[in-house]
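>
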Amino acid sequence: MNDVRILIVDDEADIALILKLQLEDAGYRTARARDGLEALEVLARERYDLILLDIRMPRLDGIEVLERIRRDWPDLVVVMMTAHGSEDIAVEAMKKGAVDYISKPFSSDDMKKRVERAIQYNRTRLENERLQREVEEERRKMEAILHGMAEALVAVDRQGLVMSVNRTAEELFGVAAAAVYSHPVEELVTAAIPADRLPCRVVLATGEPCLDVAYDLRLPGRVVPVLSSAAPLVNAAGEMIGSVEIIRDISALKALEQEREDFVSMLSHDLKTPITAIVGSIDLVKEGRLGPVNAEQKMYLESAVESCAEMVDMIDTLLDVHRFEAGRMVTTLGDEELGPLLQRTVDRFEPVARNGGLSLTITLPHEPVTFPVDRKKFARLIGNLISNSLKFTTDGGIEVRAEVLDDVATVAERIPAGSYPPESLPRQGRYLLVAVSDTGAGIPADSLVTIFDRFVQARNRKLGKASGTGLGLAFCRKVMDAHHGFIWAESEQENGSTFLMLFPLGMD
């Protein structure tokens, strides 16, 4: 037996009994009301899924009962019962909300089919209503999300006509959504770039996302710098029906960028100038021009000069990293012979290594190697790595070695995941491999990628002789990027570290 409950409302007891027996035989649960008023009383007390309602009854006829049911129990399925020849009244009842009608006398099979069909119809209707409510809820949620976005959103159709904008866009452009509906997007988004280069237009033309396009938005009385991205809008069949563009006001970021420019300028001029004066003053004292200086005093003065030089080097490194990021660092490539270039750089650090009780060796290819490189930046690159090794190596030594790779693939496989986009890694061609190895404290595995970020140092590297700023390796990464090369580190804690660089030599 199923859970469907049917209320039979008929003043004729024999017909009601026949219906009851036939429906219960079909698995339904039934009850009977003798007239319309009793039916309403029963419905007020108990829940039913379907009511078989006779049209002609004493006290309250079926049409009046139907009207009350539609008002008070809208989900209840009503099937009318009428005597033969009264079909017009039954049709009128259906217009008022009945699902179907049965003409008396009726066959058992026809009655059961109509009941089953009415129940199925109501289930489908209720399910559709539920789905519609869920869709409406999701629509409202999405609308709330879109209207709550900090970025402006503009959706256009395949012709580039505005379909929708969110509240942020209304505020940014100073218009109501209804006022720009079906207008060309160029009338809303007035930019300092050609209309066909607007990200939403690019998407319509190519079918592909268009990301991170910076342009100036021309608004009444002001110009707003924005960063914009757009993506295709597709329907359920996967067909593109338009595009949606997200526009982000980056005025605050521009202001921060200007503050950074001002700060870097301050570093360049306001800090280096007094340091130069300090060094000049110390030199005057150290040379004895202001009076005799003993050996111990001279040692301290030289230490002060070295500290000033370290400060200047830190400032220069920060400035260089900033110039690289701003695209203002000029890299001048020229064909240089590796051996002399590398030897001159290593020779500068040999006295420091010797004083620290460390060995500093260099291993070069048997044949001379010439490669395209910016000589000054290469010298600083290798110098930074050697200096870094000297800080964190207390025993053993440092080796600088170079070799030519005819097949770079095997070495490139060693570059840690996350260091570079996988598609950018070299898979063939000749490369120059330069490595700087030390026997120092080593680097934790979870730091091998992040140490090339600005102001980042590996945790155990802080145990070295000097703390540094975390800019040296960031500068090295920028130099390698400028040479279209690659840099990474390999290390085992307490077993030293190796920094490896790949410089392209061209294809065979």
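When you line the sequence shown up against my numbering, it's residues 680 to 1187, in that order. Ideal Cβ placement from N, Cα and C applies to all residues, glycine included. This structure is a prediction, so every number in the text was calculated from the model and none was measured.
Could you pull the start and end residues of the beta strand (DSSP E) that L1112 belongs to?
Position 433 of the sequence shown, counted from the start, is the residue given in the question as residue 1112. Where L1112 is concerned, the enclosing beta strand (DSSP E) stretches over R1109 to D1117.
> Please name the residue or residues paired with C889 in a DSSP beta bridge.
As a first step, residue 889 is located in the sequence shown; it is residue number 210 there, counting from the start. Note: C889 sits in a beta bridge opposite A909.
> Assign R726 to one of two classes, buried (16 or more other C-beta atoms within 10 Å of its C-beta) or exposed (fewer than that).
As a first step, residue 726 must be located in the sequence shown, where it is residue number 47. Answer is exposed; the Cβ neighbour count stays below 16.
> From this set, V984, P1019, V991 and K977, which residue's C-alpha is nearest T1042's C-alpha?
Along the sequence shown, read from residue 1 onward, the residue named residue 1042 stands at position 363. Selected option, being the one with the closest Cα: P1019.
> Is it the case that the region 1024-1041 contacts the region 1057-1076, given that we only count it when at least three CB pairs across the two stretches are under 8 Å?
yes
> Which residues bound the beta strand (DSSP E) around K783?
The residue given as residue 783 occupies position 104 in the sequence shown. For K783, the enclosing beta strand (DSSP E) stretches over residues D779 to K783.
> In its own chain, which residues sit with a C-beta less than 6 Å from the C-beta of L890, not counting the 5 before and 5 after it?
The residue given as residue 890 occupies position 211 in the sequence shown. S908, listed in sequence order.
> Under the rule that 16 or more other beta-carbon atoms within 10 Å means buried, what is V683, buried or exposed?
The count along the sequence shown starts at 1 and reaches residue 683 at position 4. By the Cβ neighbour-count rule, V683 is buried, with 16 or more other Cβ atoms within 10 Å of its own.
> Nearest by alpha-carbon distance to S896: which of E918, P873 and A915 is it?
In the sequence shown, the residue the question calls residue 896 occupies position 217. Residue identity differs from the one stated: residue 896 is Leu in this sequence, not Ser. Closest option to L896, Cα to Cα, is P873.
> For a quick check, are the C-beta atoms of L935 and L1150 less than 8 Å apart?
The residue you call residue 935 lines up with position 256 of the sequence shown. The residue you call residue 1150 lines up with position 471 of the sequence shown. Not a contact, by the Cβ cut-off of 8 Å.
> Would you mind stating whether V844 and G921 have Cβ atoms separated by less than 8 Å?
Indexing the sequence shown from 1 puts residue 844 at position 165. Indexing the sequence shown from 1 puts residue 921 at position 242. Between V844 and G921, the gap from beta carbon to beta carbon reaches 8 Å or more.
> So, does the region 1175-1182 touch the region 1110-1122, judging by three or more C-beta pairs under 8 Å?
yes
> With a threshold of 7 Å (Cβ to nearest heavy atom), would D779 be considered close to the ligand SAH?
Looking at this structure, you won't find the ligand SAH or any other ligand, since it has none at all.
> Taking the alpha helix (DSSP H) that T869 falls in, what are its first and last residues?
On the sequence shown, position 190 is the one that residue 869 refers to. Careful: T869 lies outside any alpha helix (DSSP H) and carries neither H nor E.
> Would you call E806 buried or exposed, if buried means 16 or more other Cβ atoms sit within 10 Å of its Cβ?
Residue mapping note: residue 806 aligns to position 127 of the sequence shown, counting from 1. Its Cβ having fewer than 16 others within 10 Å, E806 is exposed.
> Using 8 Å as the threshold, is the region 773-793 in touch with the region 751-761, meaning 3 or more CB pairs across them?
yes
> Skipping 5 residues on each side, what residues in its chain have a beta carbon closer than 6 Å to that of T1040?
For this step, residue 1040 is matched to residue 361 along the sequence shown. Hits under 6 Å: E1078.
> Kindly indicate which three-state DSSP category L686 falls into: helix, strand or coil?
Walking along the sequence shown from the start, residue 686 turns up at place 7. The answer is strand: DSSP assigns L686 an E or B state.
> Put G921 into one of helix, strand or coil per three-state DSSP.
One-based indexing of the sequence shown puts residue 921 at position 242. Three-state result, G921: strand.
> Between the Cα of E771 and the Cα atoms of R793, F785 and L745, which residue gives the shortest distance?
Working through the sequence shown from its first residue, we reach residue 771 at position 92. Of the candidates R793, F785 and L745, the one whose C-alpha sits nearest the C-alpha of E771 is L745.
> Three or more C-beta pairs under 8 Å: does that hold for the region 683-695 against the region 706-719?
yes
> Quick one: measure Cβ to Cβ for R927 and L906, integer angstroms, because I've assumed they're closer than 8 Å.
Residue numbering aside, residue 927 sits at position 248 when the sequence shown is read from its first letter. Residue numbering aside, residue 906 sits at position 227 when the sequence shown is read from its first letter. About 5 Å separates the beta carbon of R927 from that of L906, a gap short enough to meet the 8 Å contact definition.
> Classify S861: buried if its beta carbon has 16 or more other beta carbons within 10 angstroms, exposed otherwise.
Locating residue 861 in the sequence shown gives position 182, where the first residue counts as 1. Exposed, since its Cβ has fewer than 16 Cβ neighbours within 10 Å.
> DSSP beta-bridge partners for E661?
The shown model of the chain, from 680 to 1187, leaves out residue 661, and the question about it has no answer.
> Is the Cβ-Cβ distance between L702 and I730 less than 8 Å?
As a working mapping, residue 702 is identified with position 23 in the sequence shown. As a working mapping, residue 730 is identified with position 51 in the sequence shown. Not in contact: L702 and I730 (Cβ atoms no closer than 8 Å).
> Where do the ends of the alpha helix (DSSP H) carrying P1030 lie?
Reading the sequence shown from its first residue, position 351 is the one you call residue 1030. From DSSP, the alpha helix (DSSP H) with P1030 extends over L1017 to N1034.
> Taking the beta carbon of R738 as the centre, do at least 16 other beta carbons fall within 10 Å, making it buried, or is it exposed?
The residue given as residue 738 occupies position 59 in the sequence shown. So R738 counts as exposed.
> Am I right that L1111 and V1083 are in contact with their C-beta atoms under 8 Å? What's the rounded C-beta distance?
Numbered from 1 along the sequence shown, position 432 holds the residue referred to as residue 1111. Numbered from 1 along the sequence shown, position 404 holds the residue referred to as residue 1083. Contact holds; Cβ gap of about 6 Å.
> Please report how far the alpha carbon of L722 lies from the alpha carbon of R750, in whole angstroms.
The residue labelled residue 722 in the question sits at position 43 within the sequence shown. The residue labelled residue 750 in the question sits at position 71 within the sequence shown. One Cα belongs to L722, the other to R750, and the distance between them is close to 13 Å.
> Rounded to whole angstroms, what's the CA-CA distance from M1180 to V814? Just pull it up for me.
As a working mapping, residue 1180 is identified with position 501 in the sequence shown. As a working mapping, residue 814 is identified with position 135 in the sequence shown. Spanning the two alpha carbons is a distance of roughly 56 Å.
> Of all the options V958, Q937 and R735, which has the alpha carbon lying nearest to the alpha carbon of T761?
Numbered from 1 along the sequence shown, position 82 holds the residue referred to as residue 761. T761 has its Cα closest to that of R735, out of V958, Q937 and R735.
> Out of curiosity, what's the CA-to-CA distance linking P784 and M790?
Within the sequence shown, the letter at position 105 stands for residue 784. Within the sequence shown, the letter at position 111 stands for residue 790. Answer to the nearest angstrom: the Cα atoms are 10 Å apart.
> Would you list the one or two residues that DSSP bridges to S942?
Within the sequence shown, the letter at position 263 stands for residue 942. Before going further, note that residue 942 is Phe rather than Ser in the sequence given. The partner list for F942 (beta bridge, DSSP) is empty, contrary to what the question assumes.
> Helix, strand or coil for P1123? Go by DSSP, reduced to three states.
The sequence position of residue 1123 within the sequence shown is 444, counting from 1. In this structure, P1123 counts as coil in the three-state DSSP scheme.
> Measure from the alpha carbon of I914 to the alpha carbon of each residue in W752, R837, I1130 and I1065, then state which is nearest.
Position 235 of the sequence shown holds residue 914. It is Asn, not Ile, that sits at residue 914 in the sequence shown. Looking at the Cα atoms, R837 is the closest of the given residues.
> Within 10 Å of its beta-carbon, does F942 have 16 or more other beta-carbons around it, so buried, or fewer, so exposed?
By one-based count along the sequence shown, residue 942 stands at place 263. So F942 ends up on the exposed side.
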